[in-house]
Amino acid sequence: MRGMFGTGFGRVGLYVLGVAALLAIGALALAGRGMLSGADAQPAERAIQPTGVEEATPEPVAETAASTKPESKADQVARAVKEPAPVPDEASASASASAAAPADTMMYLSVPAMGISDIPVVEGTSEASLSQGAGHVTGTGYPWVPGSNTYIAGHRIGYPGTPSDHVFWNLPNLGQGDQIVLTDSNGTTYTYAVSEIFEVSPTDLSVTAPTGGDVVSLQTCIEDYGDYWTPGPNWFVRYVVRADRI
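Going by the working numbering, the sequence shown opens with residue 3, and the numbers climb by one from there.
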């Protein structure tokens, strides 16, 4: 009996060990196949090989909104403080103004309503100056200087055979709005329209002073107040026509 059972149990034990070994081998085989399958598999997103051109990473929404946000008043003020406006070069501005002024103060006078055109206007009111046409009263302004009262005098009768001959004879014929044109030695023209008429004594120099605007004043002599056409001999009154720049 012992021999039987001993032998039987021995056979059973061998059978059990064999089955266990087969199960272990099967499990190892399945595990190895799973590992091989995992090694061969690739991630889904890499199934298509990369082209070498990477897609740009989108800018975060918060940063995009910040880049398009309007500049605030405080930011504008801060930027203005950091970036002050350029200061004009006063020396350059002065040089430009001087460059516009002609080197020669000679001018030419045209007054259509008086029938005169391009009458020479020389510096000074001496007889030698006035015989050349009309004279610029020294010490008064010039048309190329802002705020000037350009004061010009001429004879009513003048000197026969010279540009002064009756040059301002028709000055009393001018009325409001009639044009007076000056041309400087650079060829620049200055146009004025008659705005005021005065009759003053020879000693009244107030009419030569600046008025605060750009004006030209033409002066001649008349026999008396209100007497424009008696040809002397006294010429007691000064007749002045003033015109504003237009």
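Ideal placement from N, C-alpha and C gives every residue a C-beta, glycine not left out.
Just checking my contact of residue i with residue j at CB under 8 Å: how many whole Å lie between their CB atoms?
i, j, result
"residue 143", "residue 212", "7 Å"
"residue 196", "residue 118", "No, residue 196 and residue 118 are not in contact; Cβ-Cβ is about 14 Å, not under 8 Å."
"residue 194", "residue 218", "5 Å"
"residue 130", "residue 155", "Wrong, their Cβ atoms sit about 14 Å apart, outside the cutoff."
Might you give, ordered along the chain, the residues of its own chain that have their beta carbon closer than 8 Å to the beta carbon of residue i, omitting 5 neighbours on each side?
i, result
"residue 100", "A caution first: residue 100 carries a pLDDT of 45, below 50, which makes its placement in the model unreliable, though a value can still be read off. No residues qualify anywhere along the chain."
"residue 215", "149, 246 and 247"
"residue 159", "167, 168, 171, 233 and 234"
"residue 237", "158, 223, 224 and 225"
"residue 201", "224, 227, 228, 239, 240, 241 and 242"
Measuring CA to CA, which of the options is closest to residue i?
i, options, result
"residue 166", "228, 111, 232 and 238", "111"
"residue 224", "147, 157 and 184", "157"
"residue 199", "187, 227 and 190", "227"
"residue 1", "190, 186 and 176", "Missing from the structure shown is residue 1; the chain here goes from 3 to 248 and no further."
"residue 128", "139, 109 and 162", "139"
"residue 107", "182, 229 and 190", "190"
Mind checking who residue i pairs with in its DSSP beta bridge?
i, result
"residue 219", "153 and 244"
"residue 186", "109"
"residue 199", "243"
"residue 193", "183"
"residue 138", "125 and 154"
"residue 118", "113"
"residue 226", "229"
Just to confirm before moving on: does the CB-CB distance between residue i and residue j stay below 9 Å?
i, j, result
"residue 116", "residue 172", "yes"
"residue 242", "residue 220", "yes"
"residue 174", "residue 231", "yes"
In chain order, what residues of the same chain lie with their CB nearer than 7 Å to the CB of residue i, ignoring the 5 residues before and after it?
i, result
"residue 204", "240"
"residue 121", "110, 111, 135, 136, 165 and 169"
"residue 102", "146"
With a threshold of 6 Å on Cβ separation, who are the neighbours of residue i within its own chain once the five nearest residues in sequence on each side are excluded?
i, result
"residue 178", "196"
"residue 145", "152, 184 and 192"
"residue 104", "186, 187 and 188"
"residue 109", "123, 184 and 186"
"residue 113", "182"
"residue 180", "115 and 196"
"residue 125", "107 and 138"
"residue 37", "Caution applies to residue 37, whose pLDDT of 44 falls short of 50 and renders its modelled position unreliable; the model cannot decide the point."
"residue 133", "161, 164 and 166"
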